[in-house]
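In what follows, a single structure is set out as structure tokens and then discussed.
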Amino acid sequence: MARIGGLDARMTGPVVTVASLKGGSGKTTLACCLAVHWQLKGLRPLLVDADPQRSATRLAEREAALGGVALLEEADPGVWQAIKARRAGHGITIVDTPGFDSEITVAALAVADLVLIPVKASPLDVDRMMDTVKTLMSGVKGWAPTFRCVLTQTTPGSVIARHVRADLAESGFPLLAADMTNRVAYAEAALYGATPSLTAAEGPAAREIAAIADEAEALLSTKKALTA
């Protein structure tokens, strides 16, 4: 069984919720890519599809089946109870939430140790991201998960990506250093129910997912140390 940083496949691991109140932000892609990455690392992740659109479930029904990641379909406000009941034996749990404000999203935030908020590099998406953060802060009572924004569908070296990153940092919204670049590799892998970590393990898309995962692991390890 794998042990990576503070994560251990033999123990009940932390919960990473991927949340955005705007569709098309790359939310499901990010959740599935992280789940497959950690599966390949031996962490035995649990991927929870809490989105009524069932995007993650549909991917898992395709040929590559997301590399055999364990999947729980639970698009219900009781998702927090289902997660608590099923997460034992999984080194980490990743939750894909609806792309709109709902009780399901709030329930998934309530059990999260880390919340990742994907944001497309555009002013409109940044505005919607701020709504997500307000929901995060006001809807969850008695528990304060760590959260980070993740820029998605960026163009390397573009003015807009640099501008959005600078604006978010200046406004006090914490960002991961790694981005998800706008690459055809994500869509091509999805055709087969895969992610770039499965189809091109040494390619640039797989490397950027690994970089995002590394940052998430570091944040989770720090949180665990502070609460120990």
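With the numbering used here, letter number 58 in the sequence shown gets 283, and the count goes up by one each step, no holes. Beta carbons: idealized from backbone N, C-alpha and C, even for Gly.
| Pick from Ala289, Ala313, Leu271, Gly248 that is closest to Leu296, judged by C-alpha positions | Leu271
Boundaries (first-last residue) of the alpha helix (DSSP H) holding Thr424: 421-424
Practice item. May I have the straight-line CA-CA distance separating Gly314 from Pro239, to the nearest angstrom? Key: 11 Å
Discussion item. Is the separation between the beta-carbon of Pro421 and that of Ala414 shorter than 8 Å?
Written reply: yes
Is any beta-carbon of chain B found at less than 8 Å from that of Lys359?
The displayed structure is made up of one protein chain only, and chain B is not part of it.
- request: Express the C-alpha separation of Ala403 and Val375 in angstroms, rounding to a whole number.
  value: 7 Å
query = Between Leu284 and Leu291, what straight-line distance do the alpha-carbon atoms span, to the nearest angstrom?
reply = 7 Å
*Minimum C-alpha distance to Gly248 - residue among Ser383, Val344, Ala419, Ala431*: Val344
May I ask which residues mark the beginning and end of the beta strand (DSSP E) holding Leu416? Segment: none, Leu416 is in no beta strand (DSSP E) and carries neither H nor E.
Quiz prompt | Among Gly428, Ala307, Leu268, the one whose alpha carbon lies nearest that of Asp274 | solution = Ala307
ask   = What is the rounded straight-line gap between the Cα of Gly418 and the Cα of Leu265?
value = 15 Å
Exercise for the section: Would you mind giving the Cβ-Cβ distance between Thr371 and Leu339, rounded to the nearest angstrom? I have them listed as a contact below 8 Å. Expected result: 5 Å
By Cβ distance, which residues of its chain are closer than 7 Å to Asn407, with the 5 residues on each side in sequence left out? Gln378, Thr379, Thr380
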